[in-house]
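Novice:
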Amino acid sequence: MSNVTTGSCLCESVSFEVSGSISKVYFCHCKQCRSWGGHFAAAAGIKKSQLSFSKSESLKWFSSSEVAERGFCEDCGSSLFWKEEGSSRIFIWVGTISDSADLEPAAHMYTKDAGNYYSIPNDCEHFEYDTT
Ligand SMILES: [Zn+2]
Ligand SMILES: [Zn+2]
Numbered sequence: 003m004s005n006v007t008t009g010s011c012l013c014e015s016v017s018f019e020v021s022g023s024i025s026k027v028y029f030c031h032c033k034q035c036r037s038w039g040g041h042f043a044a045a046a047g048i049k050k051s052q053l054s055f056s057k058s059e060s061l062k063w064f065s066s067s068e069v070a071e072r073g074f075c076e077d078c079g080s081s082l083f084w085k086e087e088g089s090s091r092i093f094i095w096v097g098t099i100s101d102s103a104d105l106e107p108a109a110h111m112y113t114k115d116a117g118n119y120y121s122i123p124n125d126c127e128h129f130e131y132d133t134t
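Numbering (this note's numbering), first residue to last: 3 to 134.
#1: Tell me, please, whether the region 112 to 125 touches the region 66 to 77 by the rule of three or more beta-carbon pairs shorter than 8 Å.
#2: Tell me whether the beta-carbon of Ser25 lies closer than 8 Å to the beta-carbon of Gly47.
#3: I think Phe83 touches Ile94, with their Cβ atoms under 8 Å apart; what is that distance to the nearest whole Å?
#4: Under 7 Å: does the beta carbon of Tyr112 sit that close to some heavy atom of ligand 2?
#5: Quick one: Cα of Phe74 to Cα of Cys126, how far?
#6: Please confirm whether any heavy atom of ligand 1 lies closer than 7 Å to the CB of Ser15.
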């Protein structure tokens, strides 16, 4: 039985499918993620080969560092993807997934960079920096 997950940006100009399993959800409190999405990130990893697009004309990539790019919809502004140069993995911002019922929390990372205007939930492990 094939296990397919679908997702899209807010305006649905970017629509994607993921075949197979998706990692647990990593919450990233780094300043880049908080600036990019407006709050801390909730993202899950897959292999790039699991991802396919039914629509992607408005998908744009922003080089957020020398080694990483962030994918977003240029029409509605939704934050969608993060990928690192040379990696076979890509992270999906899980709010864009249509049915996220099976997702579970993995870890909170970059907790040292968390904003002082919220508390980090104790739903999974905390790491001061990267853990993935
Ligand atoms: Zn959009
Ligand atoms: Zn981050």
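C-beta: ideal position from N, C-alpha, C; glycine also. Just so we're clear, the structure is a prediction, and the values are computed from it rather than from any experiment.
Specialist: Let me lay it out:
#1: Flag = no, the region 112 to 125 and the region 66 to 77 do not touch.
#2: Stepping through the sequence shown from its first residue, residue 25 is reached at position 23. Stepping through the sequence shown from its first residue, residue 47 is reached at position 45. Against a cut-off of 8 Å, the Cβ pair of Gly47 and Ser25 comes out as a contact.
#3: Position 81 of the sequence shown, counted from the first residue, corresponds to residue 83. Position 92 of the sequence shown, counted from the first residue, corresponds to residue 94. Confirmed, about 6 Å.
#4: Counting from one through the sequence shown, the residue named residue 112 turns up at place 110. Because some heavy atom of ligand 2 lies under 7 Å away, the Cβ of Tyr112 counts as near it: yes.
#5: Locating residue 74 in the sequence shown gives position 72, where the first residue counts as 1. Locating residue 126 in the sequence shown gives position 124, where the first residue counts as 1. When rounded, the distance between both Cα atoms is 27 Å.
#6: As a first step, residue 15 must be located in the sequence shown, where it is residue number 13. Taking the Cβ of Ser15 as the reference point, at least one heavy atom of ligand 1 falls within a distance shorter than 7 Å.
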